[in-house]
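Asks:
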Amino acid sequence: MFRRGIDLKRVVVIPDEEDAIIKTVTELSEFVGPSGYVFTTGGIGPTHDDITYESIAKAFGVGVALHEPTMAALKKFGEEKFPDVAFDDSVKRMAILPEGCKILHGSSWTPIAVVQNVYILPGIPSMVKDMLTCNEEHFVGVPIHRMIVRSHTYTVIQSPCQC
């Protein structure tokens, strides 16, 4: 992100608690402003403590709903990768996203869900890297130009030849 002109301003680690997520996301969203970016990682899996989608939806006063394209991609992934595993409601939770969110796709079934200036990503570092790389053109910051200038000064002394 640095090479795209996006500076890291703050890193915050918070628990899987609704109030903490709502408070932190709201504060950071206001801190960076409408042209900034807040990235969240983790808390979007199938377990009971994965409450990031719901909490961010509440932070911005929107509901959550099943996102059909994500559900279809999740089903396809599950059938190919884990054909003998039952597809239950806990897995379906991973396709219930904040209503009205913008979707950015990477190379996996998991999308980046975007609510205002908050980008919701999974907690697996390799997936985060892939998703941000696949969507690199979306992220615009202040261009950073690096130039290396070298300067050498030479003094030439000429004296008459005494042969």
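Each residue of the sequence shown is one higher than the one before, starting from 1478 at the first, in our numbering. Just so you know, even glycine gets a beta-carbon here, dropped at the ideal spot from N, CA and C. It should be emphasised that the depicted structure is a prediction, and the values quoted were computed from it without experimental measurement.
What separation, rounded to the nearest whole angstrom, lies between the Cα atoms of Asp1484 and Phe1554?
Replies: When rounded, the distance between both Cα atoms is 34 Å.
Asks: So what's Ala1563 in DSSP terms, helix, strand or just coil?
Replies: DSSP places Ala1563 in coil when its eight states are reduced to three.
Asks: Any beta carbon of chain B sitting closer than 9 Å to that of Tyr1631?
Replies: Absent from the structure: chain B. Only one protein chain is present.
Asks: Under 9 Å between the Cβ atoms of Tyr1530 and Ile1521?
Replies: In this structure, Ile1521 lies closer than 9 Å to Tyr1530 by Cβ.
Asks: What does the alpha-carbon distance come out to for the pair Ala1563 and Val1489?
Replies: One C-alpha to the other measures close to 36 Å.
Asks: What residue from Pro1523, Glu1495 and Lys1486 has the CA that sits closest to Ser1506's CA?
Replies: It is Lys1486.
Asks: May I ask you to report which of helix, strand or coil DSSP gives Pro1546?
Replies: It is helical.
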